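Everything on this sheet refers to the single structure shown next.
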Amino acid sequence: AANVTWFRAAQMCAHDRHQFGKAGWGRLNIGLYFLFLEKWLEHFKPEQFLVLRLEDYDRDPQTYMRRIFNFLGVGEPQDWAPVLRQIHFNQHRVSRQPLLEATERLVRRLY
2 AANVTWFRAA
12 QMCAHDRHQF
22 GKAGWGRLNI
32 GLYFLFLEKW
42 LEHFKPEQFL
52 VLRLEDYDRD
62 PQTYMRRIFN
72 FLGVGEPQDW
82 APVLRQIHFN
92 QHRVSRQPLL
102 EATERLVRRL
112 Y
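Per the working numbering, residue 2 is the first one in the sequence shown, and the count goes up by one each step.
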């Protein structure tokens, strides 16, 4: 029962749009992928999902994108240059304070 209560509370935190934009809240909220996947898996088959990590794109962009194209059943581009532009959209535009060490330990234990 405790696990169900924790999971429901975590889902409420992850889905609360009003809290999402508050300073500091989004860091944890955005990373709670499993809560969203758990809900989606109630309605869709696991093979309908492709879960990827951004770190893998940074390591080998073409292989990463090839996996997406194959999953979607579309052909690969003839010219990879527009697909592999070196523009990073997932970067902070303002500097942020680092996580507190205790917070980072807790987050790492969660994931």
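For glycine and all other residues, C-beta sits at the position ideal for the given N, C-alpha and C. Here the structure is a predicted model, which is why all the values come from computation and not from measurement.
Item	Value
Can you tell me which of GLU105, THR64, LEU38 and PHE37 puts its alpha carbon nearest to the alpha carbon of TRP81?	THR64
Confirm, please, whether the CB-CB distance from VAL95 to LEU66 is below 8 angstroms.	The sequence shown places Met at residue 66, not Leu. Against a cut-off of 8 angstroms, the Cβ pair of VAL95 and MET66 comes out as no contact.
Using a threshold of 7 angstroms, is the CB atom of ASP61 nearer than that to any non-hydrogen atom of the ligand ATP?	This structure lacks the ligand ATP; in fact it carries no ligand of any kind.
Please name the residue in TYR34, GLY74 and GLN98 whose C-alpha comes closest to that of LEU53.	TYR34
Beta-carbon separation of LEU51 and PHE70 under 8 angstroms?	no
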